[in-house]
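Numbering (our numbering), first residue to last: 514 to 741.
As structure tokens, then:
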């Protein structure tokens with residue numbers, strides 16, 4: 514039976530991205546949009562780990578954490594845009610098991626979930642654990658070294674290009690919208706950023722080969738997909 518992860522964050526896009534990566538890693542995911550909803554989920558469902566945002570309406574993450582620690586030892590990873598040591602110390606002193614600073618790579622979030630689940634349960638989901646290396650045709654992406662190669666030849670990528678290729682190579686053949694690609698690549702909300710996506714995808718295609726549609730194909734009216 515898969516471990517169940519609660520993702521509590523008032524930003525829907527962040528919840529969606531985390532849910533996508535965690536489900537691919539073999540976890541069940543429950544979402545909460547505010548602190549009060551997070552508490553209700555923790556009180557009514559069997560949750561194995563909680564990713565808890567600090568800045569939420571109703572109850573903030575610190576208030577939720579304090580209430581949870583009164584009678585629950587579920588592992589909690591605090592997620593916050595505040596990376597100061599003082600903020601981390603507050604969270605850890607209230608009983609958090611780990612601290613993740615925004616913006617973050619979703620793969621790092623999955624790795625931290627794996628680590629904390631392993632500490633608490635002694636194992637992580639099998640079969641769908643994210644691979645350190647992704648391959649598609651003659652492309653190989655090393656997620657530990659953060660490098661991409663084609664037929665053994667390295668391809669230099671920007672950080673946004675790397676994150677986009679990681680998303681596409683995780684799901685070859687799947688169509689992603691411009692919004693999904695932008696939010697994965699730039700890790701921020703998609704607002705009138707269509708041109709940025711188009712320019713980035715054009716540069717990626719040029720780096721992958723002479724045929725502009727050989728690897729990344731435009732699906733008119735929908736978005737882009739990596740050809741299997």
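We treat Cβ as the ideally placed atom computed from N, Cα and C, and that holds for glycine.
Because the structure is a prediction, the values reported are computed rather than measured.
Segment contact, 8 Å Cβ cut-off, at least three pairs: the region 540-554 with the region 570-587:
yes
Could you pull out every residue in the same chain whose Cβ sits closer than 8 Å to the Cβ of residue 607, ignoring the five residues on either side in sequence?
575, 578, 579 and 582
Hey, could you find the ends of the alpha helix (DSSP H) residue 698 is sitting in?
691-699
Assign residue 577 to one of three DSSP states: helix, strand, or coil.
helix
Please list, in chain order, all residues of the same chain as residue 455 whose beta carbon is under 7 Å from its beta carbon, the five residues on each side excluded.
What the structure shows of the chain is the stretch from 514 to 741, and residue 455 is not part of that stretch, so it cannot be assessed.
What are the start and end residues of each continuous beta strand (DSSP E) run of 3 or more residues lying completely inside the region 606-661, in chain order?
611-614, 646-649 and 652-655
Measure the C-alpha to C-alpha separation of residue 645 and residue 657 and round it to an integer number of angstroms.
6 Å
According to DSSP, residues forming a beta bridge with residue 737:
689 and 731
Should the region 688-698 be called in touch with the region 664-680, which here means at least 3 C-beta pairs below 8 Å?
yes
How long is the line joining the alpha carbons of residue 720 and residue 556, rounded to whole angstroms?
50 Å
Excluding the 5 residues preceding and the 5 following residue 518 in the sequence, name in chain order all residues of the same chain whose CB lies nearer than 8 Å to its CB.
535, 540, 541, 542, 543, 560, 561, 562, 563, 564 and 626
To the nearest angstrom, how far is the alpha carbon of residue 704 from that of residue 692?
9 Å
Can you tell which of 588, 660 and 677 has the C-alpha that lies nearest to the C-alpha of residue 633?
588
Report the residue ranges of all beta strand (DSSP E) runs contained in full by the region 525-590; include only those spanning at least 3 residues, in chain order.
541-545 and 562-566
Please state whether the Cβ-Cβ distance between residue 690 and residue 734 is less than 8 Å.
no
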